[in-house]
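Q:
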Amino acid sequence: MQRLLVTGGAGFIGANFVHHVVAHTDAEVTVLDKLTYAASREALDGLPDHRVRLVVGDVADEGVVDPLVAAHDTVVHFAAESHNDNSLDDPAPFVRTNLVGTFTILEAARRHDARLHHVSTDEVYGDLDLDDPKRFTEDTPYRPSSPYSATKAGSDHLVRAWVRSFGLRATISNCSNNYGPWQHVEKFIPRQVTNVLDGARPRVYGDGRNVRDWIHADDHSSAVLAILERGRIGETYLVGADGERTNLEVVRAILRHLGREEDDIELVADRAGHDRRYAIESAKLRAELGWRPRFEDFEAGLADTIEWYVAHEPWWRPHKAATEAAYAAKGQ
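So the sequence shown is numbered by the working numbering: it starts at 17 and just counts up by one.
Structure, rendered in C-alpha cells:
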C-alpha cells in the first residue's frame with residue numbers, strides 16, 4: 017500500500033482516516049471528493065503536501081475515477097451520501113453516489129487490478145429490539161429501512177458480486193455510529209454539542225430511547241487500516257467499540273460535561289422509520305486482526321470531541337443557522 021486513493025477523503029470519517037494513514041504509514045494519499053456541503057477542505061489542512069493531494073470530482077464520474085484508480089495500488093471507498101433525514105427528503109443523490117458511485121469504483125478497480133476496501137454501515141441490518149440481547153454479526157441478514165441504508169446495502173452486494181464474479185481483491189467493513197472531529201453539525205452529537213454551546217436545549221427524536229453503538233472516528237480509522245494490512249480478501253468485518261448508549265444518555269453526558277442540568281432536553285417529533293437499536297459484535301475483527309479501540313471509554317472520547325467543537329467554533333459556526341432552520345421546518 018504505497019499509493020492510496022481515498023474516496024470521500026474530505027468528509028468526516030474519510031478525513032480522519034487520511035490523518036491516521038499519514039501518522040501511521042508511509043503511503044502517499046490522493047483524496048477524491050466532490051466537496052459537497054458535508055465535506056471540508058479544512059479537514060485536510062496541515063497534512064504534508066508531498067504525501068497528500070486533493071482531487072475535486074464525483075465518484076460516479078468514470079472519466080475522473082478511472083485514471084485515478086489506474087495510478088494507485090489501493091482504493092478505500094468512503095464516499096457516500098449518509099444523512100438519513102436527507103435521504104427521506106430526496107433519495108436521488110443517495111442512489112447516484114452510493115450505488116452508481118460504487119459501481120464506477122468497482123469497474124475501475126477491476127480494470128486496473130487495484131486492492132479495494134469498501135466502507136459501509138451497520139444500518140444495512142435494520143434494527144434490533146431494545147430488549148434483544150443479540151448484536152449484529154457478519155451473518156446478520158440485511159434489512160435496511162431508509163433510502164440511505166438501502167443504497168448502502170446495495171453497494172455492499174455489488175462489492176460481493178464483483179469479488180465472486182470477477183475475482184476483485186476487496187474487503188468490506190460495516191461500522192457503528194461514528195463521532196469525533198470534523199463531523200457536520202447536522203449529525204446527532206455535533207448538533208447537540210453546538211446547541212448546548214449556543215445556550216439552547218438539545219432536541220431529541222421521539223422518546224429518546226433509541227440506542228446507537230458509538231465509536232470514535234480514529235478507532236474506525238485504525239480498524240480500516242488493520243483490514244487493509246491483514247484482512248482476508250472477500251471478507252466482511254464489523255467494526256464497533258462496545259459503545260451502546262441511548263440518545264438520552266448521550267445528550268445527558270454532553271449536558272454534564274458543559275455544566276448544564278441533565279434533563280434540560282426537548283423531545284421532538286420522531287423521524288419516519290427511525291431504527292430503535294444498533295449493536296455491533298466486533299469479535300471477528302478483534303480475534304483475527306488483533307484490533308482494539310483506543311477510546312474504549314465512550315465518555316472519554318465524547319469529552320475529547322466536545323472540547324474539539326469548543327475550540328473549533330469558526331469551522332462549524334457558518335453551517336449552524338442553516339442546519340437548525342432545516343430541522344425547524346420539519347418541526348425537529
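We put the CB at the ideal spot given by N, CA and C, even for glycine.
Below 8 Å, how does it come out for the region 164-171 and the region 308-328: are there three or more Cβ pairs, yes or no?
A: No, because fewer than three Cβ pairs between the region 164-171 and the region 308-328 fall closer than 8 Å, the two stretches do not touch.
Q: Is the region 242-253 close to the region 273-291, with three or more CB pairs under 8 Å?
A: no
Q: For asparagine 193, name the three-state secondary structure that DSSP assigns.
A: When secondary structure is reduced to three states using DSSP, asparagine 193 falls in the strand class.
Q: Go through its chain and collect everything with a Cβ distance to valine 140's Cβ below 7 Å, but skip five positions before and after it.
A: Tyr158, Pro160, Ser165, Lys168, Ala169, Asp172, Asn190
Q: Under 6 Å Cβ to Cβ from aspartate 229, same chain only, skipping five residues before and after it: list those, please.
A: Ser192, Gly256, Gly259, Glu260, Tyr294, Ala295, Ile296
Q: Applying the criterion that 16 or more other CB atoms from any shown protein chain within 10 Å of the CB defines a buried residue, is isoleucine 249 buried or exposed?
A: exposed
Q: Roughly how many angstroms lie between the CA atoms of alanine 39 and tryptophan 324, to the nearest whole one?
A: 19 Å
Q: Are the CB atoms of leucine 60 and valine 34 nearer to each other than 9 Å?
A: yes
Q: Use the C-beta contact count for proline 218: other C-beta atoms within 10 angstroms, 16 or more gives buried, fewer gives exposed.
A: buried
Q: When you compare only the Cα positions, how much space is there between valine 45 and valine 212?
A: 37 Å
Q: Could you pull out every residue in the same chain whose Cβ sits closer than 6 Å to the Cβ of isoleucine 205, ignoring the five residues on either side in sequence?
A: Closer than 6 Å at Cβ, skipping near neighbours: Tyr195.
Q: If distances are taken between C-alpha atoms only, which option among Lys300, Ala288, Val227 comes closest to glutamate 265?
A: Ranking the options by Cα distance to glutamate 265, first place goes to Val227.
Q: In the DSSP output, which residue or residues are listed as bridge partners for alanine 186?
A: Leu132
Q: Assuming threonine 47 and valine 80 form a contact by the criterion Cβ under 8 Å, report the distance between their Cβ atoms to the nearest whole angstrom.
A: It should be pointed out that residue 47 corresponds to valine in this sequence rather than to threonine. So it is not a contact: roughly 13 Å between Cβ atoms.
Q: Tryptophan 307 lies in the beta strand (DSSP E); which residues open and close that run?
A: Counting along the chain, tryptophan 307 falls outside any beta strand (DSSP E), and DSSP gives it neither H nor E.
Q: Should arginine 207 go down as buried or exposed, given a rule of 16 or more other Cβ atoms within 10 Å for buried?
A: buried
Q: Does the count of Cβ pairs from the region 96-104 and the region 146-158 closer than 8 Å reach three?
A: no
Q: Where does arginine 207 fall in DSSP's three states?
A: helix
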